[in-house]
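Number 242 marks the last residue of the sequence shown (the numbering used here); no jumps. Every residue gets a Cβ at the ideal spot worked out from N, C-alpha and C, and that includes glycine. These numbers were taken from a predicted model, which means no experiment stands behind them. Just below is one structure, and these are the notes that go with it.
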Amino acid sequence: MTPNRPEPTDELAARDSYLATAEGTVQEVLDGGVVLDRTPFYVRGGGHPGDFGIIRWHEGQIRITNTIRRGGLVMVVASEAALLEPGMPVESTIDWDRRYTIMRTHTALHALSGVVWKDYGAKVTGGDMKAGTARMDFELDGISREFGREVETRLNQELTKGYPAEVLWMARAEAFKDPDLIRTKVNLIPEWVQDIRVIDIVGLDRQADGGTHVRSTLEVGEVRVVKTESKGRANKRMRICLV
Numbered sequence: 000m001t002p003n004r005p006e007p008t009d010e011l012a013a014r015d016s017y018l019a020t021a022e023g024t025v026q027e028v029l030d031g032g033v034v035l036d037r038t039p040f041y042v043r044g045g046g047h048p049g050d051f052g053i054i055r056w057h058e059g060q061i062r063i064t065n066t067i068r069r070g071g072l073v074m075v076v077a078s079e080a081a082l083l084e085p086g087m088p089v090e091s092t093i094d095w096d097r098r099y100t101i102m103r104t105h106t107a108l109h110a111l112s113g114v115v116w117k118d119y120g121a122k123v124t125g126g127d128m129k130a131g132t133a134r135m136d137f138e139l140d141g142i143s144r145e146f147g148r149e150v151e152t153r154l155n156q157e158l159t160k161g162y163p164a165e166v167l168w169m170a171r172a173e174a175f176k177d178p179d180l181i182r183t184k185v186n187l188i189p190e191w192v193q194d195i196r197v198i199d200i201v202g203l204d205r206q207a208d209g210g211t212h213v214r215s216t217l218e219v220g221e222v223r224v225v226k227t228e229s230k231g232r233a234n235k236r237m238r239i240c241l242v
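As structure tokens, then:
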């Protein structure tokens, strides 16, 4: 590490998506935010929203309105960050209701990917989500409302089977030999990443993924396909929402 540069933040959400509160220490106060030594807040990226929440200390608290990566550091965004000082012990608490909705939404997207691949052989070309709503694009030649209703029925059938969603870590060389990970473009992961985090919805979908998920597809609940769109040749979009 360069002199005076904080150590990388221990990003606890990568190991436990259900951890809502954690103690930590302020490493650096930046313009508009704070860098902690460890945090349960998930960093915005790859279509996954950053967490909101609260940081508390013995004299008060501040509201966190986003979590981003700035210059390689994890920064929790707060307009009142100047109230904190390096070395202060703090307690971080995420907005759990919002996080849990994001987790359900994210697992729903992975399940959708699995269903469309298993039933129609179509790969994912892109996606994005907010808490409770999301979109996913597929390599499909055509799409219709009837197709969306058919996929919705199949998706909800699969979700009710209660597939476990497991977190695995794989060496890069091993991951590059896995057909499911090759299908979901594991090759796009930066070369410096040697240990790859995988979300395995056992029996339905398996992808390299850094985001937060529920433990079982039963936790997702019911999902609606609310819109189907053509975004160009062999690029068709489905928009979903949690019920």
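Here D199 has E165, L167 and R205 as same chain residues with Cβ atoms under 6 angstroms from its own Cβ, once five neighbours each way along the sequence are excluded. Going by DSSP, W168 is part of the beta strand (DSSP E) stretching over A164 to A170. In this structure, the CA atom of V115 is about 15 angstroms from the CA atom of V222. Per DSSP, W56 is one residue of the beta strand (DSSP E) stretching across G52 to W56. Distance from the CA of P85 to the CA of L158, rounded to the nearest whole angstrom, comes to 45 angstroms. Under the three-state reduction of DSSP, D118 is assigned to helix.
The continuous alpha helix (DSSP H) containing T152 extends over residues R144 to L158.
Under DSSP, E218 takes part in no beta bridge, so it has no partner. Here the alpha carbon of R43 sits roughly 15 angstroms from the alpha carbon of Y99. Counting along the chain, P88 sits inside no alpha helix (DSSP H); it lies in the beta strand (DSSP E) bounded by residues P88 to I93.
No Cβ-Cβ contact shorter than 8 angstroms links V219 with V150. Contact check for H212 against M135 fails: the beta carbons are separated by 8 angstroms or more.
Note on geometry: alpha-carbon atoms of R153 and S16 lie some 27 angstroms from one another.
By the beta-carbon neighbour count (other beta carbons within 10 angstroms, threshold 16), H57 is exposed. For the pair L11 and R37, the Cα-to-Cα distance works out to about 7 angstroms.
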